[in-house]
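Q:
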Amino acid sequence: MARLSEAYDERVEERARARRRRDEERMARLLNSKLRTIGVDVDFLEQQVEQKRRETFLEKEAKAEEAAYQARLIRHLEETEAAELEAKAKETGDVKATLLKQMAVPKNDSTKMIDQVDFESCGPASAQAFAGDEFDGADKRRTKMQQEQMKQWCAQQLYERKQREIDELEEQRAYAECVLAQDEVRGHIARQEAEDTTSMNKAVQQCNKQRAEELKLQAMIQLQDERREAESIIAQAQKSSFLSEDTSMARSALSPYRFRPDHFKGFDNAVVESIYQGNDSVLSERRSRQMEEQEYENAWANHQADVIAKMEDAELERQAQVTENEREQAAYLQKQRIELKMKQHRMNEEKFGSIGENSFFSKFGTSLR
3 MARLSEAYDE RVEERARARR RRDEERMARL LNSKLRTIGV DVDFLEQQVE QKRRETFLEK
63 EAKAEEAAYQ ARLIRHLEET EAAELEAKAK ETGDVKATLL KQMAVPKNDS TKMIDQVDFE
123 SCGPASAQAF AGDEFDGADK RRTKMQQEQM KQWCAQQLYE RKQREIDELE EQRAYAECVL
183 AQDEVRGHIA RQEAEDTTSM NKAVQQCNKQ RAEELKLQAM IQLQDERREA ESIIAQAQKS
243 SFLSEDTSMA RSALSPYRFR PDHFKGFDNA VVESIYQGND SVLSERRSRQ MEEQEYENAW
303 ANHQADVIAK MEDAELERQA QVTENEREQA AYLQKQRIEL KMKQHRMNEE KFGSIGENSF
363 FSKFGTSLR
């Protein structure tokens with residue numbers, strides 16, 4: 003009997019040590035955030051990863067469309083600038099052609115003075131000299147010098163204006179190239195971060211799955227060991243001569259419902275069976291309550307997933323609306339830019355006024371009464 007008690011105590015102590023060891027391992031896993039798997043919804047995490055991937059793809063498409071729009075805008079500005087330069091060059095060429103045509107027309111180059119005056123063909127006034135007259139072609143040289151100086155001034159002003167326009171065009175092109183390069187670098191960094199995040203999430207997901215399978219296998223093995231151990235204890239208790247003595251000897255001779263305390267050897271099989279049945283009913287009730295709690299938790303998790311999905315859809319709609327507003331604003335700014343250029347062109351044309359029905363000079367020589 004003493005050996006049986008010692009063996010039973012050893013088994014109880016061994017079970018306690020195993021339980022303490024399992025508790026310590028469980029505490030270590032809970033404190034390690036990388037290995038924690040309690041409450042992790044793998045399907046929901048995969049949905050989140052897929053949603054982030056779709057958002058990244060949409061953001062890339064939006065950036066690509068913005069870059070294409072910027073390129074089209076720059077190309078349109080360049081074409082507009084080239085058309086303006088061509089129009090200015092054509093206007094300058096027309097002015098030059100007009101000047102050359104006027105220069106080719108013969109002028110009044112009659113002889114101002116001759117060596118011998120023919121008094122028969124000239125009158126007495128031909129022999130007079132006036133103060134300020136220029137002789138020996140000095141007036142022609144002076145006029146020619148003035149014309150050359152005016153040509154140099156015009157050519158210098160045209161060259162400076164053209165150089166300023168070229169510098170402005172180069173600055174705009176350099177700025178556009180810088181913006182495109184910055185967008186490309188940002189896109190590359192975003193793609194790299196997305197790839198790193200995806201690979202890390204996949205690694206963590208694989209580790210969590212593997213750990214969950216290991217825990218499930220360990221739980222099954224532990225449950226089987228505990229079940230076999232309980233069955234062996236029950237069988238040993240039922241077969242033991244010490245524990246299965248006749249309990250009828252404890253009944254009192256005075257009444258069948260009274261027992262002698264000094265002869266009490268335990269309950270009979272019917273009472274033990276009723277106790278076991280009561281314990282089984284308590285366990286079944288606990289399991290059913292746990293299943294109901296688990297179903298409630300699953301329903302709540304599904305509700306949270308639906309709410310998060312709706313919030314993400316609303317955020318995507320808001321971002322799309324913001325993108326559309328920015329695009330409309332850019333179109334409106336482009337329209338204002340074109341109107342400003344047309345207004346400047348009209349102001350340059352009307353800088354010195356025009357002669358027409360409703361112009362400033364049409365009011366001269368008229369009465370307001």
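Each position in the sequence shown, counted from 1, maps to that position plus 2 in our numbering. We treat Cβ as the ideally placed atom computed from N, Cα and C, and that holds for glycine.
1) At which residues does the alpha helix (DSSP H) containing S286 begin and terminate?
2) Mind checking whether A205 and T58 have CB atoms under 8 Å apart?
3) Rounded to whole angstroms, what is the Cα-Cα separation between I46 and D308?
4) Would you check if the distance between the CB atom of E83 and the CB atom of L171 is smaller than 8 Å?
5) Rounded to whole angstroms, what is the Cα-Cα separation between R339 and A332?
6) Going by beta carbon distance, what residues of the same chain come within less than 8 Å of D11, once the five residues before and after it are set aside?
7) Alpha carbon to alpha carbon, what distance is there between Q194 and A232?
8) Where Q238 and D270 are concerned, what is the direct C-alpha to C-alpha distance, given to the nearest angstrom?
9) Tell me the DSSP bridge mates of R253?
10) Rounded to whole angstroms, what is the Cα-Cα separation between H78 and Q336?
11) Less than 8 Å separating the beta-carbons of K54 and G189?
12) Pick helix, strand or coil for N203, following the three-state DSSP scheme.
13) Assuming I76 and A178 form a contact by the criterion Cβ under 8 Å, report the distance between their Cβ atoms to the nearest whole angstrom.
14) To the nearest angstrom, how far is it from the Cα of R21 to the Cα of T200?
15) By how many angstroms is the C-alpha of M293 removed from the C-alpha of E299?
A: So, from the listed chains and residues:
1) Its alpha helix (DSSP H) spans residues N271 to E351.
2) For A205 and T58, no; Cβs fall outside 8 Å.
3) Correcting the residue type first, residue 46 is Phe in the shown sequence and not Ile. If you take the alpha carbons of F46 and D308, they lie about 10 Å apart.
4) With a cutoff of 8 Å on beta-carbon distance, E83 and L171 are scored as near each other.
5) C-alpha separation (whole angstroms): 10 Å.
6) The beta carbon of D11 lies closer than 8 Å to none in the same chain, with the five residues before and after it left out.
7) Pairing A232 with Q194, the inter-Cα distance amounts to about 57 Å.
8) Answer to the nearest angstrom: the Cα atoms are 16 Å apart.
9) Answer is F261.
10) Here the C-alpha atom of H78 lies approximately 10 Å from the C-alpha atom of Q336.
11) Taking 8 Å as the cut-off, the Cβ atoms of K54 and G189 do not count as close.
12) N203: helix per DSSP, three-state reduction.
13) Yes, they are in contact, since the Cβ atoms of I76 and A178 sit about 5 Å apart, within 8 Å.
14) Taking the straight line from one Cα to the other gives about 38 Å.
15) If I take the Cα positions, the gap works out to 10 Å.
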